[in-house]
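Report on one structure; see the data block that follows.
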Amino acid sequence: MRLTVLKPGLLVTVQDLGRFGYGKYGVITSGAMDKESHRIANWLVGNPEEAAALEITWSGFSLRMEEDGWIAVTGGDLSPRIGDTPVPMWRPVYVRRDSVLTFQQVRSGCRAYLAVSGGLNVPKVMDSRSTYLRAGIGGWEGRPLHAGDRLSAYPSRLLNRSVDRSTITGAFYAPRWSVLPGKIPASGQEVTVRAMPGRQYEDFDEVSRHAFFHQPFKIRPESDRMGYRLAGPDLGLTLPKEYVSEAVALGTVQVPADGQPIILMADRQTLGGYPKIAQIASVDIPLTTQLQPGGTLRFKEITLREAECLRDERERELSIIRAMIQRKIEEV
1 MRLTVLKPGL
11 LVTVQDLGRF
21 GYGKYGVITS
31 GAMDKESHRI
41 ANWLVGNPEE
51 AAALEITWSG
61 FSLRMEEDGW
71 IAVTGGDLSP
81 RIGDTPVPMW
91 RPVYVRRDSV
101 LTFQQVRSGC
111 RAYLAVSGGL
121 NVPKVMDSRS
131 TYLRAGIGGW
141 EGRPLHAGDR
151 LSAYPSRLLN
161 RSVDRSTITG
171 AFYAPRWSVL
181 PGKIPASGQE
191 VTVRAMPGRQ
201 YEDFDEVSRH
211 AFFHQPFKIR
221 PESDRMGYRL
231 AGPDLGLTLP
241 KEYVSEAVAL
251 GTVQVPADGQ
261 PIILMADRQT
271 LGGYPKIAQI
281 ASVDIPLTTQ
291 LQPGGTLRFK
301 EITLREAECL
311 RDERERELSI
321 IRAMIQRKIE
331 EV
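So for the sequence shown, UniProt numbering puts the first residue at 1; every next one is plus one.
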């Protein structure tokens, strides 16, 4: 399957699940922000979950299908359409050659994922096809997509069948079944994410510790794939202290000198020297990545054991979803 970009939108990059094993050399992980939506999009078109797909941030993106083929759109609802017809999300969709797919308006979340059957064909850089913009590596020439870029997909592993074009009465064909959408926050919705106290939590004064888990924070406009900057109560240490830089993870919440927290995201650095007040539970990372600038979030304190149980429960649910999808796509 081949695709041509017509309008680049705000930010569209090729991402897989990340670049692992190179952190000791200072190479960041990158990968899809909302990995759960990325995984499900790939499952829906018969791809391995680590296949490369498009991460579409906000609206304004459009592309033309140069061949018939299967696609799936998951994540935030950015109003995907072919012509005047809305494209159903969270299910496989068979599109015809010369169809123009557009993402026109943000209805929920802020990132959508477009998977094509076979997975996008871009070179691996350090075992990953993910784009790392600051270093200019991976993905499509290490940069966001531009108008005129022509992408192709590998041959499909599972959905290698086609649909009789004469049976498609509308803009596309889609089965009636779909996956229950993930937790995608609506515009303006306040969300609560669960988090564990971080390594330096006790270094913060009592007022700051209480404020972190009991007062709301807003996502600042300068937030990006590296980190979500928050605006809220000032958080301070009991006593001034210097910290040795140490490893950070997706969802680590650091507090720089200005007292305003930063949630580290997919393009985070490998080491951080700011005190870490919390670590967001992995089960709530997908929800967090879909928050829009100006959105409000609160933190709910949980234990490490609770976070592990929540993660394991969600992975069991995802295993069931994957098995059901695999059975269904054989019927498509």
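For each residue, glycine too, the CB sits at the ideal point set by N, CA and C.
Checklist line | Residue range of the alpha helix (DSSP H) that includes Phe-212 | finding: Where Phe-212 is concerned, the enclosing alpha helix (DSSP H) stretches over 206–214.
Note to self: Am I right that Ile-263 and Gly-251 are in contact with their C-beta atoms under 8 Å? What's the rounded C-beta distance?
What the structure shows: 7 Å
Check: In terms of DSSP beta bridges, what is Ser-128 paired with?
Finding: Val-125
Next item on the list: Just tell me which of Arg-111, Arg-19, Gly-26, Tyr-274 has its CA closest to the CA of Val-255.
Entry: That would be Tyr-274, whose Cα lies nearest to the Cα of Val-255.
Note to self: Considering only their Cβ atoms, is the gap separating Gly-60 from Gly-9 smaller than 7 Å?
What the structure shows: Their beta carbons are under 7 Å apart, which means Gly-9 touches Gly-60 by this criterion.
Next item on the list: Report the rounded CA-to-CA distance for Ala-32 versus Pro-286, giving the unit in angstroms.
Entry: Each residue's Cα considered, the two are about 10 Å apart.
Note to self: So if DSSP puts Val-100 in a beta bridge, which residue, or which two residues, is it bridged to?
What the structure shows: Per DSSP, Arg-64.
Next item on the list: Identify whether Tyr-173 lies in helix, strand or coil by the three-state DSSP scheme.
Entry: strand
Margin query: If the criterion is Cβ atoms closer than 7 Å, does the pair Gly-139 and Thr-270 meet it?
Written below: no
Notebook entry, point to check: I think Met-1 touches Glu-67, with their Cβ atoms under 8 Å apart; what is that distance to the nearest whole Å?
Noted result: 5 Å
Checklist line | Contact check, Asp-284 vs Thr-238, beta carbons under 7 Å | finding: no
Next item on the list: Report buried or exposed for Lys-35, applying the criterion of at least 16 other Cβ atoms within 10 angstroms of its Cβ.
Entry: Under the 10 Å beta carbon count, Lys-35 is surrounded by 16 or more other beta carbons and is classified as buried.
Note to self: Checking the sheet assignment: what are the DSSP bridge partners for Tyr-201?
What the structure shows: Bridge partners of Tyr-201 according to DSSP: none are assigned.
Check: What first and last residue would you give for the alpha helix (DSSP H) that runs through Trp-70?
Finding: Note, Trp-70: premise wrong, no alpha helix (DSSP H); beta strand (DSSP E) at 69–77.
Next item on the list: Jot down the residue ranges of each uninterrupted beta strand (DSSP E) in the stretch 2–47, minimum 3 residues, whole runs only, in chain order.
Entry: Counting only runs of 3 or more, we get 2–8, 11–15.
Check: Measuring CA to CA, which of Pro-233, Ser-30, Phe-20 is closest to Arg-268?
Finding: Looking from the CA of Arg-268, the closest CA among Pro-233, Ser-30, Phe-20 belongs to Ser-30.
Notebook entry, point to check: Which class does Ser-245 belong to by DSSP, given the choice of helix, strand or coil?
Noted result: Three-state DSSP puts Ser-245 in coil, outside helix and strand.
Item checked: Selected residue, minimal CA-CA separation from Met-226, among Arg-209, Gly-23, Pro-144, Arg-134 -> Arg-134
Note to self: Mapping the DSSP letters down to three states, classify Ser-178 as helix, strand or coil.
What the structure shows: coil
Notebook entry, point to check: Of all the options Arg-209, Lys-328, Arg-220, which has the alpha carbon lying nearest to the alpha carbon of Trp-177?
Noted result: Lys-328
Next item on the list: For residue 333, count neighbouring Cβ atoms within 10 angstroms of its own Cβ and tell me buried if that reaches 16, exposed if not.
Entry: One cannot answer for residue 333 here, as it falls past the ends of the chain, which runs 1 to 332.
Item checked: Stretch-stretch touch, CB-based, cutoff 8 Å, three pairs: the stretch 292–304 with the stretch 206–224 -> Segment contact: the stretch 292–304 against the stretch 206–224, three or more CB-CB distances shorter than 8 Å; contact assigned.
Item checked: Rounded C-alpha distance that separates Ala-217 from Glu-330 -> The sequence given here places Phe at residue 217; Ala does not occur at that position. Straight-line Cα distance between these residues: approximately 45 Å.
Note to self: For a quick check, are the C-beta atoms of Ile-71 and Val-122 less than 7 Å apart?
What the structure shows: no
Notebook entry, point to check: Going by other Cβ atoms of all chains shown within 10 Å of its Cβ, with 16 needed for buried, is Asp-234 buried or exposed?
Noted result: Within 10 angstroms of the beta-carbon of Asp-234 lie fewer than 16 other beta-carbons, which makes it exposed.
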